[in-house]
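Q: What follows is a structure written as structure tokens; I'll ask about it next.
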Amino acid sequence: MWSKLSASQRSLWISYQKSPRLRGGYNIAFCPRILADVDPAIIHHTLKLMMSHHPMLRATFRNGDEGPEQCIRPLGEIPFFLHDASSWSEAALQQHIEAEYRRPFDDGKPLLRAHLYRISAEESVLLWVIDHLICDGNSFWILMEEWGGLLGQKKLLPVDKVNDNPDFFDYVAHQEAWLESSQGKKQFEYWEQVFSGPGGAGFDLHLASASAGSAAPRACIQSFFISDAQQEGLGALAAKYGTSLYELLLASYFIFLRRYTGQDNIMVGSPMPARGQGPWRNTVGNCTNVVPIAARFDTDLTIGELLTAIHATARQAKRNRHYPFELMAERLPIHRSSAQRSYIQTQFTYQIDRGAKGVMKLMVGTQCGPDKNQPGATVSWGGWDTVSYPVQISHGDIANLLNAEVMESENSLSFLLKYDAERLSDYTVSRYLTHLSAIIDVVITDDSQRVDQISLLSADERHTLLHGWNQTQSEPVDACLHQQFEAQARRAPQAVALAFGEQRLSYDELNRRANRLAHALIAQGVGPESRV
């Protein structure tokens, strides 16, 4: 039986059709290093059990006469792959794992796969990869907890019955009916008001020049752990304003965007579960929705006023989170400049473990490395001692230039920036993280300060600016100005050199334009000392 797609699935499927290079960029992965002897038969069999329990793990997709559709395939060949990595170098192992994580899935085949890399009798690396088409964040935690429980039994349990009736298809039908219900229409009216106001004018994330986007996106991640002192300060501030850590850190990201772009109206997309607390609470499938949250700034806005505004706006957005943004974009007169790639150009995701504390700890370690403030990196999962294996897991973040994510794991908070490394340099993003941490410090210590007066510079950066870059006692004599500019263009070709209105020019593009102009002038007979 073929079923329609949910709104989120449909949007992702259409993105795949328009930009095939995005496939693989939306893969979700789990990658623990297992410090024990692993029987490959257990991995294979438990994966078979999972695919029999959850029919969406056997979903296949096609373009039908009335649009994209999906159906459930019979339980067939299990997508499990065993690798003898005993002679591989660590670099070769990591290269293979990252390639398999990013490899796009084929149409008509299962949209998940598992790899076991046997390093020795005491060590293996397990890689689970699944396409976002059939799995969201909530589904991921459900699946990893269930898989860990099955593996922990260390038995080949019988496959009693194969479930061919996915409750996710019921969710899709419910969503379609809900959109035409009075509740659906009420939520649509809320968003209609939002987008007809000042916040609906659009937000353009000017952090890199448009010319820097010609190469295929390359997803990278950098992160920092929010310190114990910062967590304590955030907790006190949350109590003062009656807000949540999610809202406080979202406000901090808004401040970062305000200070870097200078725009008065800023829009951030925040992925939220759109399954409710009813019969689909434990449904496996893509039930997520990117919810737009707007903030309006002026030169007098204080941190405290912003926190109050974000608290109110985020709560309203959560209450109206079930209306798919993809349909909003189709039905509402959402304005944006022709230079913008999409209306929501940056996202802020707040991840909680939903009861899967061990899995979350492993995920944090995979993406961020170990938290030095939280001892004990070993996690019991699947009946084994496991540790995180480092992989740059982007989860679809190549679609935007820059996205933020916070992962809450027991007493640990990590702040991640996921970015397109073809358009933003690693050095630039490392400075972004430093400035985000500085913003959090100011938010905690002085909520009466105006947002536009927050200093982003660290003590070292301030010293460099005032003293290192202010060496005026002598002028450089080793290179002319045009030679220094060319050297800068070689060092940071995609950095923004000129900005005017919505126009941006990178050093590389400005250098090429200058060279073209020079050649044109020379062709006209212009030489040294000539007036132009």
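Residue numbering for the sequence shown follows our numbering, beginning at 200 and increasing consecutively. Beta carbons are placed, not taken as given, at the ideal position from N, Cα and C, and that holds for glycine.
Would you kindly work out how many angstroms separate the C-alpha atoms of E529 and P523, rounded to a whole number?
A: If I take the Cα positions, the gap works out to 10 Å.
Q: Name the residue from E609, I638, E604 and S579 whose alpha carbon lies nearest to the alpha carbon of T501.
A: For the residues E609, I638, E604 and S579, the minimum Cα distance to T501 belongs to I638.
Q: Residues in its own chain within less than 6 Å of S451 by CB, not counting five upstream and five downstream?
A: Only I638, I639 and V642 meet the Cβ criterion.
Q: Can you find the residues in the same chain that come closer than 8 Å, C-beta to C-beta, to Q430, ignoring five residues on each side of it along the sequence?
A: Around Q430: N610 and L612.
Q: Can you list, in chain order, the stretches of the alpha helix (DSSP H) that have 4 or more residues and sit fully within the segment 618 to 662?
A: With a minimum length of 4 residues, the continuous alpha helix (DSSP H) runs that stay inside the segment 618 to 662 are 625 to 644 and 658 to 662.
Q: Can you tell me the Cα-Cα spacing of K437 and W390, whole angstroms?
A: For clarity, residue 437 is Ala in the given sequence; the question names Lys instead. Taking the straight line from one Cα to the other gives about 27 Å.
Q: Mind checking if D369 is an interface residue toward chain B, Cβ cutoff 8 Å exclusive?
A: The displayed structure is made up of one protein chain only, and chain B is not part of it.
Q: Cβ of N714 versus every heavy atom of the ligand NAD: is any distance shorter than 7 Å?
A: No copy of the ligand NAD appears in this structure; indeed no ligand is present at all.
Q: Three-state secondary structure (DSSP) at I492?
A: Strand at I492.
Q: Would V563 and M527 be called neighbours here (beta carbons separated by less than 8 Å)?
A: In this structure, M527 does not lie closer than 8 Å to V563 by Cβ.
Q: To the nearest angstrom, report how far apart S443 and D264 are at their CA atoms.
A: Approximately 46 Å, taken between the alpha carbons.
Q: Taking I420 and F614 to be in contact with their CB atoms under 8 Å, please state how far apart those CB atoms are, rounded to whole angstroms.
A: Rounded, the Cβ-Cβ distance is 11 Å, inconsistent with contact.
Q: Assuming Y618 contacts Y549 under a Cβ cut-off of 8 Å, what Cβ separation, rounded to an integer in Å, is found between them?
A: So it is not a contact: roughly 18 Å between Cβ atoms.
Q: With DSSP run on the structure shown, which of helix, strand or coil describes S587?
A: In this structure, S587 counts as strand in the three-state DSSP scheme.
Q: If you draw a straight line from the C-alpha of V725 to the C-alpha of D677, how long is it?
A: Near 26 Å, if we compare the C-alpha coordinates of D677 and V725.
Q: If I follow the unbroken beta strand (DSSP E) through L404, where does it start and stop?
A: Run containing L404: none; DSSP gives neither H nor E here.
Q: Please report how far the alpha carbon of L342 lies from the alpha carbon of L311, in whole angstroms.
A: Their backbone Cα atoms lie some 12 Å apart in a straight line.
Q: So H282 and R232 are supposed to be a Cβ contact under 8 Å. How far apart are they, rounded?
A: So it is not a contact: roughly 14 Å between Cβ atoms.
Q: What residues in its chain sit with their C-beta under 7 Å from that of F339, if we drop five residues either side in the sequence?
A: Around F339: I227.
Q: So which of E708, Q216 and I271 has the shortest CA-CA distance to N262?
A: Comparing Cα-Cα distances from N262 to each of E708, Q216 and I271, the minimum goes to Q216.
Q: Is S218 helix, strand or coil by DSSP?
A: The answer is coil: DSSP assigns S218 none of H, G, I, E or B.
Q: Expressed to the nearest angstrom, what Euclidean distance is found between the alpha-carbon atoms of F699 and T460?
A: Approximately 12 Å between the Cα atoms of the pair.
Q: Below 8 Å CB to CB, which residues in the same chain sit around V650 once its five sequence neighbours on both sides are set aside?
A: Result list for V650: I454, R457, R458, F496, L500, T501, I502 and L505, in chain order.
Q: Could you check where the alpha helix (DSSP H) with D283 kicks off and where it finishes?
A: From DSSP, D283 is part of no alpha helix (DSSP H) but of the beta strand (DSSP E) over F279 to D283.
Q: Please identify the residue among A473, K203 and E276 whose C-alpha is closest to the C-alpha of N337.
A: With distances taken between Cα atoms, N337 lies closest to A473.
Q: Quick check: A320 and I242, are their CB atoms within less than 8 Å of each other?
A: Against a cut-off of 8 Å, the Cβ pair of I242 and A320 comes out as no contact.
Q: Which same chain residues, not among the five before or five after K517, have their C-beta less than 7 Å away from its C-beta?
A: Closer than 7 Å at Cβ, skipping near neighbours: M471.
Q: Who are the Cβ neighbours of F260 in its own chain at under 6 Å, not counting the five residues just before and after it?
A: Only Q269 meet the Cβ criterion.
Q: For E525 versus S210, is the C-beta distance shorter than 8 Å?
A: In this structure, S210 lies closer than 8 Å to E525 by Cβ.
Q: Roughly how many angstroms lie between the CA atoms of A435 and I465, to the nearest whole one?
A: Distance between the alpha carbons of A435 and I465: 27 Å.
Q: How should C230 be labelled, buried or exposed, when 16 other C-beta atoms within 10 angstroms of its C-beta is the threshold for buried?
A: By the 10 Å Cβ count, C230 comes out buried.
Q: Kindly indicate which three-state DSSP category L316 falls into: helix, strand or coil?
A: A quick correction: the sequence has Tyr, not Leu, at residue 316. Strand at Y316.
Q: Check the DSSP bridge columns for M606 and list the partner residues they point to.
A: M606 pairs with Q550 and S613.
Q: I'd like to know whether the C-beta atoms of T245 and L315 end up nearer to each other than 8 Å.
A: Not in contact: T245 and L315 (Cβ atoms no closer than 8 Å).
Q: Rounded to whole angstroms, what is the Cα-Cα separation between G468 and N602?
A: Between G468 and N602, the C-alpha separation is close to 9 Å.
Q: Below 8 Å, how does it come out for the segment 344 to 359 and the segment 288 to 308: are there three or more Cβ pairs, yes or no?
A: Touching, no.
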